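Participant:
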Amino acid sequence: MKARTKETVTAYLFLLPNFLGFLIFTSLPVIFSLLLSFFQWDFLNPPRFIGLSNFVKLLGFSFKNGYLFPNDPHFWYYVFNTLFLMLVIPLEIFGALIVALALNQKIKGIVFYRTIFYLPTICSGVAIAIMWRGILNPDFGLLNTLLEKVSSFFHLDLQGPNWLSHPFWARISMMLVGLWTIIGGNNCLLFLAALQSIPRDLYEAAEIDGANCWQKFWKITWPMISPTTFFIAIMSIIGGFQGGFMLAYIMTGGGPGGATTTIEYYIFNNLYTFQKAGYAASIAWVLFIIIFFFTRISWKYGGKLVEYH
Amino acid sequence: MGELIITAEESRRKKRRKEFSRRLMAYILLSFVGVSMVLPFLWMVSTSLKEPEAVFIQLKPWWRNWIPEKIVWANYRNAWKAVPFGRFYFNSIIVAICVTAGVVFTSSFSAYAFSRLNFPGRDKLFFAYIATMMIPGSVVLIPQFALVRILGWIDTYRALIIPAMFTAFGTFLLRQFFMTLPKDLEDAAKIDGCGYFGIYWRIILPLSKPPLATLTTFTFIGNWNSFMWPLLVTNKTELRTLPIGLEYFKSQYTADWSLLMAGSVMVLLPVIILYIFNQRFFVEGVKLTGIKG
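So the protein sequences, as listed, match chains A and B. Heads up: the first sequence is residues 85 to 393, going by the working numbering. Heads up: the second sequence is residues 18 to 310, going by the working numbering.
1. May I have a chain-ordered list of the alpha helix (DSSP H) segments no shorter than 4 residues that lie completely inside the region 256-304 of chain A?
2. Rounding to the nearest angstrom, what Cα-Cα distance links ALA186/A and LEU198/B in this structure?
3. What does the alpha-carbon distance come out to for the pair GLY338/A and ILE351/A?
4. Which chain A residues sit within Cβ distance under 7 Å of LEU285/B?
5. Taking only three categories from DSSP, how would you classify ARG166/B?
6. Expressed to the nearest angstrom, what Euclidean distance is found between the alpha-carbon atoms of PHE107/B and ALA130/B?
7. Quick one: using the 10 Å Cβ neighbour count with 16 as the cut-off for buried, is SER38/B buried or exposed?
8. What's the C-alpha gap between GLY294/A and LYS31/B?
9. Given this structure, state the Cα-to-Cα distance separating ALA118/B from PHE116/A, to the nearest angstrom.
10. Give me whichever residues DSSP pairs with LEU152/A in a beta bridge.
11. Determine the closest residue to VAL116/B out of PHE224/A, LEU203/A, ASN102/A and TYR151/A, with distance taken between C-alpha atoms.
12. On the three-pair Cβ rule with 8 Å, is the region 163-180 of chain B touching the region 250-263 of chain B?
13. What does the alpha-carbon distance come out to for the pair ALA95/A and SER124/B?
14. For VAL156/B, which of VAL390/A, TYR363/A and SER382/A has the nearest alpha-carbon?
15. So with CB distances below 7 Å, who are the chain A contacts of ILE293/B?
16. Examine chain D for any beta-carbon lying closer than 8 Å to the beta-carbon of GLY218/A, and answer yes or no.
17. Just to confirm before moving on: does the CB-CB distance between PHE195/B and SER132/B stay below 8 Å?
18. Assuming SER208/A is part of the alpha helix (DSSP H), what are its boundary residues?
19. With 8 Å set as the bound, which would you pick, yes or no: does the beta-carbon of GLY268/A sit closer than that to a beta-carbon of chain B?
20. In the DSSP assignment, what residue or residues form a beta bridge with ARG132/A?
21. With burial defined as no fewer than 16 other Cβ atoms inside 10 Å of the residue's Cβ, what is the status of LEU47/B: buried or exposed?
22. Using a C-beta cutoff of 8 Å, does ALA290/A count as contacting chain B?
23. Identify every run of the alpha helix (DSSP H) within the region 218-256 of chain B, keeping only runs that are complete inside it and at least 4 residues long; order them along the chain.
24. Listed in chain order, which residues of the region 251-278 of chain A have Cβ atoms closer than 8 Å to some Cβ of chain B?
25. For LYS384/A, collect the residues of the same chain with a Cβ closer than 6 Å to its Cβ; drop the 5 residues on either side in sequence, then sort them by chain order.
26. At a Cβ threshold of 8 Å, is MET308/A touching chain B?
27. Roughly how many angstroms separate the alpha carbons of ARG34/B and TYR197/A, rounded to a whole number?
28. So with CB distances below 8 Å, who are the chain B contacts of PHE372/A?
29. Is HIS158/A helix, strand or coil when you go by DSSP?
30. Just how far apart, CA to CA, sit THR149/B and GLY262/B?
31. Just to confirm the assignment, what range does the alpha helix (DSSP H) spanning GLY179/A have?
32. Report yes or no: do the region 89-98 of chain B and the region 268-281 of chain B share at least 3 C-beta pairs separated by less than 8 Å?
33. At what residues does the alpha helix (DSSP H) containing ILE347/A begin and finish?
34. Are at least three pairs of beta-carbons, each pair with one atom in the region 253-265 of chain A and one in the region 173-190 of chain A, less than 8 Å apart?
35. Here's the rule: buried if 16 or more other CB atoms are within 10 angstroms of the residue's CB, otherwise exposed. What is ASN296/A?
36. Chain B partners of SER117/A, CB-CB under 8 Å?
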């Protein structure tokens, strides 16, 4: 056997286990789910081809009494919820950056702080969600007790909201727990690594020119870490579109009145609770297309804001 | 001349003062964030040790709320007995170990082929791997769930383990690292009569301990905390993994707060202890997976 052929055969043998599994559990499912989105299927009866009906139901509008109504108002409400919950992303990114900047100040006990900040990232989300359900409880929870303390200290008569039973505050709660979980997590570590890789002499040169902290940050630090910021922003937004399932499942069950149900949660409900596999697949594909175009556009235009070195 | 020396001294002092205030601000900020990270956990532990009725009572002064009058260790025993936590632990350990072993082996094999061997269609295939990483999980999840149902794997370990064993991410991570290893070592080994498998086993793997450790920790933790998939494919109590078991526990004892907190502490404690002793793996890992790709 020629060396070349031998190498090819060996390579295929090495690839085989992963490739087979990848084909069966990832590649083919992608194609299968696209096909499924044109079918109606409840897992019991054989799938029935219904053309674009799923997408018409999901995205279409129709006239009723002279008004335009969405065919699936739930979906649009859940899209709104998802986008609302994503409003915390800028705060998450800036929070992580500020923490990373503080950790980068040649301080003592950096490992100690970093270990504590990263703690929520490794913890089971279910346990975290149960913990926060207690903390947000209006009767005895930690948060409202603390708010009460603070407000009585300033002689104010403020009362903490009934966090999880009010639509607006339930969404705020999800964002708060998300922020708490993520602020010292992977993004913070990525920022810290980026900050540590900025050459010292850039700052020294700026100091000789008499630059102050503010100028040094905007003229050196910010441009130097911009690839990291860009990467984190894109990954956070992609994650945001698909997020919000587990936390809401444990803490609110998607309520009150669907206020914390996200697109991902709706996919789960259709797949599992309503047993509508075809409809679930069509939502998943719409989500995929949204994410795909978002990524394309931000890569094209956002990439220009990034300074590569 | 004298003036010059004074101004130099002055500016140095000014600089030191500035440095000091900057560090002080950093400490204040970090301590504030640190306290807000730790306080919820402490509250959880404190609540888990209270009598069920004591949870709702606010005492004065404030610190008496944090150290229960009567410490009730029995909450932990009761929580452990309320649902089969032992079984959930066993399931989680078995599933996480099998998945991690599977991911590390299959990914290192394919990463070796992608990085060190030449074969027709290599780059196209690798591109297909990367492309699937951008597809939302739910797109793949729906047919996976259907497939598992058709195969009759619902409520089996197979359903929890096998679909999670093959990841594009693992292949990608290891391939990026294998690419950086020098070719000379391989050539030397070839001259000594080492085959392809020998090179993989005796040269590539021993040199790749950091990314292998990273992949192992990430896969293990990711699978240990995995929620939606086990929720979909298990209905029987005996097959639930820890997160799903804890969710089940929560649904059974919704208002029994001290018991709920005790259960959650039991689930978190081993992972936290493991993490504290191995935390550098996580940090290294994030740097490795970073933005090299």
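Ideal Cβ positions, reconstructed from N, Cα and C, are used throughout, including at glycine. It should be emphasised that the depicted structure is a prediction, and the values quoted were computed from it without experimental measurement.
Facilitator: So, from the listed chains and residues:
1. Listed in chain order, they are 270-280, 284-292 and 297-300.
2. In the first sequence, the residue the question calls residue 186/A occupies position 102. In the second sequence, the residue the question calls residue 198/B occupies position 181. When rounded, the distance between both Cα atoms is 35 Å.
3. For the purposes of this step, residue 338/A is taken as residue 254 along the first sequence, with counting starting at 1. For the purposes of this step, residue 351/A is taken as residue 267 along the first sequence, with counting starting at 1. One C-alpha to the other measures close to 12 Å.
4. Here residue 285/B refers to the residue found at position 268 when the second sequence is read from its first residue. Within chain A, the residues near LEU285/B are CYS207, SER208 and ALA211.
5. Position 149 of the second sequence holds residue 166/B. Helix at ARG166/B.
6. Walking along the second sequence from the start, residue 107/B turns up at place 90. Walking along the second sequence from the start, residue 130/B turns up at place 113. Going by the C-alpha atoms only, they are around 35 Å apart.
7. Locating residue 38/B in the second sequence gives position 21, counting from the first residue. With fewer than 16 Cβ atoms within 10 Å of its Cβ, SER38/B is classed as exposed.
8. As a position in the first sequence, residue 294/A is number 210, starting the count at 1. As a position in the second sequence, residue 31/B is number 14, starting the count at 1. C-alpha separation (whole angstroms): 13 Å.
9. Residue mapping note: residue 118/B aligns to position 101 of the second sequence, counting from 1. Residue mapping note: residue 116/A aligns to position 32 of the first sequence, counting from 1. The alpha-carbon atoms of ALA118/B and PHE116/A are separated by roughly 28 Å.
10. Stepping through the first sequence from its first residue, residue 152/A is reached at position 68. Bridge partners of LEU152/A: PHE147/A.
11. Here residue 116/B is taken as the residue at index 99 of the second sequence, counted from 1. Minimum Cα distance to VAL116/B is reached at ASN102/A.
12. yes
13. Taking the first sequence and counting its residues from 1, the one referred to as residue 95/A is at position 11. Taking the second sequence and counting its residues from 1, the one referred to as residue 124/B is at position 107. Their backbone Cα atoms lie some 13 Å apart in a straight line.
14. Position 139 of the second sequence holds residue 156/B. Nearest C-alpha to VAL156/B: TYR363/A.
15. As a first step, residue 293/B is located in the second sequence; it is residue number 276 there, counting from the start. Result: THR199.
16. In the structure shown, chain D cannot be found, because the protein chains are A and B.
17. In the second sequence, counting from the first residue as 1, residue 195/B sits at position 178. In the second sequence, counting from the first residue as 1, residue 132/B sits at position 115. The criterion of a C-beta distance shorter than 8 Å is satisfied by PHE195/B and SER132/B.
18. Here residue 208/A refers to the residue found at position 124 when the first sequence is read from its first residue. Premise fails: SER208/A is in no alpha helix (DSSP H) and is neither H nor E.
19. If you number the first sequence from 1, residue 268/A lands on position 184. Interface residue, yes.
20. Taking the first residue of the first sequence as position 1, residue 132/A is located at position 48. Answer by DSSP bridge pairing, in chain order: GLN124/A.
21. Within the second sequence, numbered from 1, the residue matching residue 47/B stands at position 30. When all chains shown are included, LEU47/B counts as buried.
22. In the first sequence, residue 290/A corresponds to position 206, counting from 1. So no, ALA290/A is outside the interface.
23. Counting only runs of 4 or more, we get 226-241 and 245-250.
24. Close to chain B, meaning a Cβ-Cβ distance shorter than 8 Å, are the following residues of the region 251-278 of chain A: TRP264, ILE267, GLY268, ASN270, LEU273, LEU274 and ALA277.
25. As a working mapping, residue 384/A is identified with position 300 in the first sequence. The answer is none, since no qualifying residue turns up.
26. What you label residue 308/A is simply residue 224 of the first sequence in a count that begins at 1. Taking 8 Å as the CB threshold, MET308/A stays off the interface with chain B.
27. Residue 34/B sits at position 17 when you count from the first residue of the second sequence. Residue 197/A sits at position 113 when you count from the first residue of the first sequence. The straight-line gap from Cα to Cα measures roughly 24 Å.
28. Within the first sequence, numbered from 1, the residue matching residue 372/A stands at position 288. Simply ILE152, PRO153 and VAL156.
29. Within the first sequence, numbered from 1, the residue matching residue 158/A stands at position 74. Helix at HIS158/A.
30. Indexing the second sequence from 1 puts residue 149/B at position 132. Indexing the second sequence from 1 puts residue 262/B at position 245. Between THR149/B and GLY262/B, the alpha-carbon positions lie close to 31 Å from each other.
31. In the first sequence, residue 179/A corresponds to position 95, counting from 1. It spans 173-187 - the alpha helix (DSSP H) in which GLY179/A sits, taken as one unbroken run.
32. yes
33. The count along the first sequence starts at 1 and reaches residue 347/A at position 263. Element bounds for ILE347/A: 347-352.
34. yes
35. Your numbering for residue 296/A matches position 212 in the first sequence. The residue in question, ASN296/A, is exposed, as its Cβ has fewer than 16 Cβ neighbours within 10 Å.
36. Here residue 117/A corresponds to residue number 33 of the first sequence, with the count starting at 1. Residues of chain B passing the Cβ test: VAL156, VAL157, ILE159 and PRO160.
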